[in-house]
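Asks: So the protein sequences, as listed, match chains A and B.
Letter 85 of the first sequence, counting from 1, is numbered 382 in the numbering used here, and no numbers are missing.
Letter 244 of the second sequence, counting from 1, is numbered 541 in the numbering used here, and no numbers are missing.
Just so you know, even glycine gets a beta-carbon here, dropped at the ideal spot from N, CA and C.
2 protein chains.
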Amino acid sequence: MTVKYIDFSDEKPLYAQVVEAIKQKISDNYWTLGMMISSENELAKEFDVSVGTIKKALSVLVQEGILYRRQGRGTFVASPDFSKSFSRFFRYGQFKGEASEVPGSQFLSAEVIPAPTEIAAALQLVAGDDILFMKRVRTLQEIPFCVEEIYLPYSRFKGLENLDLGKKLLYPIYNQNFSTPIFWAEEFLQPDTATGEVADLLNIPMNSPVMCVERIAYTYEDIPVEWRRSMGRGDSFRYHIVIR
Amino acid sequence: MTVKYIDFSDEKPLYAQVVEAIKQKISDNYWTLGMMISSENELAKEFDVSVGTIKKALSVLVQEGILYRRQGRGTFVASPDFSKSFSRFFRYGQFKGEASEVPGSQFLSAEVIPAPTEIAAALQLVAGDDILFMKRVRTLQEIPFCVEEIYLPYSRFKGLENLDLGKKLLYPIYNQNFSTPIFWAEEFLQPDTATGEVADLLNIPMNSPVMCVERIAYTYEDIPVEWRRSMGRGDSFRYHIVIR
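#1: For residue 490(A) and chain B, any beta-carbon pair shorter than 8 Å?
#2: Quick check: what's the CA-CA separation for residue 352(B) versus residue 336(B)?
#3: Below 8 Å on the Cβ atoms is my guess for residue 486(B) versus residue 522(B); work out the distance and round it to an integer in Å.
#4: Any residues in the region 501-524 of chain A with a beta carbon nearer than 7 Å to a beta carbon of chain B? Which ones, in chain order?
#5: If the criterion is Cβ atoms closer than 8 Å, does the pair residue 412(A) and residue 426(A) meet it?
#6: At a CB distance below 7 Å, what residues from the region 464-489 of chain A approach chain B? Give them in sequence order.
#7: Find the residues of chain A that neighbour residue 381(B), judging by a C-beta separation of less than 8 Å, and give them in chain order.
#8: To which residues of the same chain is residue 541(B) closer than 7 Å at the C-beta, ignoring the five residues directly before and after it?
#9: For a contact defined as C-beta to C-beta under 9 Å, what are the partners of residue 534(B) on chain A?
#10: Quick one: grab the DSSP three-state call for residue 356(A).
#11: Would you say residue 493(A) faces chain B, with C-beta separation under 8 Å as the test?
#12: Would you list the residues sitting across from residue 432(B) in a DSSP beta bridge?
#13: Across which residues does DSSP place residue 486(A) in a beta bridge pair?
#14: DSSP three-state label for residue 299(A), please.
#15: Kindly give me the distance between the Cβ atoms of residue 357(A) and residue 312(A), rounded to whole angstroms, as I take these residues to be in contact under 8 Å.
#16: Residue 376(A) and residue 330(A) - do their beta-carbons sit closer together than 8 Å?
#17: Between the C-alpha atoms of residue 484(B) and residue 513(B), what's the straight-line distance to the nearest angstrom?
#18: Taking contact to mean 3 or more Cβ pairs, one atom from each stretch, closer than 8 Å, check whether the region 490-499 of chain B and the region 438-449 of chain B are in contact.
#19: Please report the distance separating the alpha-carbon of residue 476(B) from that of residue 326(B).
#20: Quick one: residues in its chain with C-beta nearer than 6 Å to the C-beta of residue 333(A), no 5 flanking neighbours on either side, listed in chain order?
#21: Can a CB atom of chain B be found closer than 8 Å to the CB of residue 401(A)?
#22: Closest to residue 432(A) by CA distance: which of 323(A), 527(A), 307(A), 315(A) is it?
#23: Less than 8 Å between CB atoms is the rule here; does residue 378(B) satisfy it with respect to chain A?
#24: Tell me which residues share the same chain as residue 524(B) and place their Cβ nearer than 6 Å to its Cβ, disregarding the 5 neighbours each side in the sequence.
#25: Just confirm the distance between the C-beta atoms of residue 429(B) and residue 451(B), as a whole number of angstroms; I'd bet it's less than 8 Å.
#26: What residue range is occupied by the uninterrupted alpha helix (DSSP H) comprising residue 365(A)?
#27: Which residues of the region 312-341 of chain A have a Cβ closer than 7 Å to any Cβ of chain B? Give them in chain order.
#28: Buried or exposed for residue 367(B), going by 16 or more other Cβ atoms inside 10 Å?
#29: Which residues in the same chain as residue 536(B) place their Cβ atom closer than 7 Å to its Cβ, once the five residues preceding and following it in sequence are excluded?
#30: With 8 Å set as the bound, which would you pick, yes or no: does the beta-carbon of residue 531(A) sit closer than that to a beta-carbon of chain B?
#31: Closer than 8 Å by beta-carbon distance: list the chain B residues that pair up with residue 362(A), in chain order.
#32: Round the Cβ separation of residue 402(B) and residue 364(B) to the nearest angstrom and send it over; I've been treating them as touching at under 8 Å.
#33: Could you give the residue range of the beta strand (DSSP E) that holds residue 522(A)?
#34: Residue 405(B): which of 399(B), 435(B), 539(B) sits nearest, CA to CA?
#35: Compare the Cα-Cα distances from residue 410(A) to each of 458(A), 469(A), 369(A), 439(A) and report the closest residue.
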């Protein structure tokens, strides 16, 4: 564990140093997503600063959405709400009523390749840098509903390809094994049609409608660390909004 | 103009009667979407009730999203925010940077037909009831980007087919000519592929990706009064969300 301590000779304000130190402790998994952090008094003691300085630092972190407060409970590390992800909406039609089930995964490949230009740009790498490329099929009740291509900067995720990923969610592994908690993400939705390979994997006719969700996932420091494209059966996708 | 007055012998609470009366005045276009309504004192005088009763009625209407308050300005009739509509996102690629332009419309047909079963159900009609069916192509910079099918209950919209609709938005016409302000809507998004007709109209190859947006639009009384399906070019659709 590397904990940054406060440097009283630094011209950076103390509260700003505490902000950085707390972010570091979260990155180091001292506090993990959803966990309650120490009390203001404990933090003041640990960093050797006033409770007022801690209060100011925590306000900044709450403002940034990194921490949140629960009245009468304490202060917690915020965790992104992936129930809002488009990929949760591939559950229409044949999967009705099963929205809470965690999908299964079949990995088709996991290999280190030179970063393609588009992916390198999105992940702030140089084209040709080592990228871990993984492809998997996601299933519900054993029925494939989505093909996923995942690109990760290999320098950060070295060795991930050797783990047994079959039944596990990836984000807890990024967090626990690679000190890379995913803090936020953006998604782009676009319709497409199934190529021969995607059609085979999804067991649908070639050129059938598919919904394509691209996601870029970021750390606390807003570093993009995962690019993924999910291609799902069009007839199992339905997304709803209310306009008021 | 039919204004419901307050019935003091009615066992319904006075504030609830005021709520109904204000809704009626909005339906009757006495106050239109976005307009400031009378002050609390004026309303109290008009309905012959206390300011306290008016305050309670306005609170309910604000709670329901029918009115909203602007500090120091007054109370306004809420107007649904169609900038959130999926149909605003058919502007990617060749239309970049033109998101604020109002699309043009070319009407292909407007005819009264017996309601198809699915549409009748969505509009709470009986299958076979008279429906006004309209088809149009929407354009940006003269380029077609979307084909739209619109179904309206004919009993409510009798004569709409004879109006010159070319350059006009439909919702202001529903409001002004048919006393039917659209108060909220729901949309469903699903990917599809272009049929021969849609491909011709959009000037894209048959079986190209299209994004399909279904919308049901409602009045203040939650009566569904319009069903529409917009089929847009897949390559001009891109929808973005942030997950935190």
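Replies: In short:
#1: Yes, residue 490(A) lies at the interface with chain B (some Cβ there is under 8 Å from its Cβ).
#2: Approximately 10 Å, taken between the alpha carbons.
#3: With a Cβ gap of about 21 Å, residue 486(B) and residue 522(B) do not count as contacting.
#4: Within the region 501-524 of chain A, the residues whose Cβ lies closer than 7 Å to any Cβ of chain B are, in chain order, 504, 506, 507, 508.
#5: It is a contact, given that the beta carbons lie within the stated cut-off.
#6: The region 464-489 of chain A vs chain B, Cβ under 7 Å: 481, 482, 483, 484, 485, 486, 487, 488, 489.
#7: Within 8 Å Cβ-Cβ: 538, 540.
#8: Nothing listed; no residue qualifies.
#9: Listed along chain A are 486, 487, 488, each with a C-beta nearer than 9 Å to that of residue 534(B).
#10: For residue 356(A), the secondary structure class from DSSP, reduced to helix, strand or coil, is helix.
#11: No, residue 493(A) does not count as interfacial toward chain B.
#12: Its beta-bridge partners are 406(B), 446(B).
#13: For residue 486(A), which the question treats as bridged, DSSP gives the partners 510(A), 536(B).
#14: Low per-residue confidence applies at residue 299(A): pLDDT is 43, beneath 50, and the placement is therefore not dependable, though the value from the model is reported in the following sentence. Correct three-state label for residue 299(A): coil.
#15: Yes, they are in contact, since the Cβ atoms of residue 357(A) and residue 312(A) sit about 7 Å apart, within 8 Å.
#16: Taking 8 Å as the Cβ cut-off, residue 330(A) and residue 376(A) qualify as a contacting pair.
#17: Near 7 Å, if we compare the C-alpha coordinates of residue 513(B) and residue 484(B).
#18: With a cut-off of 8 Å on Cβ pairs, the region 490-499 of chain B is in contact with the region 438-449 of chain B, counting three or more such pairs.
#19: Looking at the two C-alpha atoms, the distance is approximately 7 Å.
#20: Cβ within range, chain order: 371, 373.
#21: Between residue 401(A) and chain B, the shortest Cβ-Cβ separation is not below 8 Å.
#22: Of all alpha-carbon atoms in 323(A), 527(A), 307(A), 315(A), the one lying nearest the alpha-carbon of residue 432(A) is that of 527(A).
#23: Flagged as an interface residue toward chain A: residue 378(B), by a C-beta distance shorter than 8 Å.
#24: When the five nearest sequence neighbours on each side are left out, the beta carbons in the same chain lying within less than 6 Å of the beta carbon of residue 524(B) are those of 416, 419, 420, 448, 513, in order along the chain.
#25: The distance from the Cβ of residue 429(B) to that of residue 451(B) is about 5 Å, consistent with a contact at the 8 Å cut-off.
#26: Looking at the DSSP string, residue 365(A) is not in any alpha helix (DSSP H); the run it does join, the beta strand (DSSP E), is 364-367.
#27: Result list empty, no residue passes.
#28: Around the CB of residue 367(B), fewer than 16 other CB atoms lie within 10 Å, so the residue is classed as exposed.
#29: For residue 536(B), where only same-chain residues beyond five positions count, the Cβ hits under 7 Å are 383, 386.
#30: Output row for residue 531(A): interface = yes.
#31: Proximity of chain B to residue 362(A) at the Cβ level (cut-off 8 Å) is accounted for by 541, in chain order.
#32: That pair is no contact at about 31 Å.
#33: Unbroken beta strand (DSSP E) run through residue 522(A): 521-530.
#34: For the residues 399(B), 435(B), 539(B), the minimum Cα distance to residue 405(B) belongs to 435(B).
#35: Residue nearest to residue 410(A) within the set 458(A), 469(A), 369(A), 439(A) is 458(A) (criterion: CA-CA distance).
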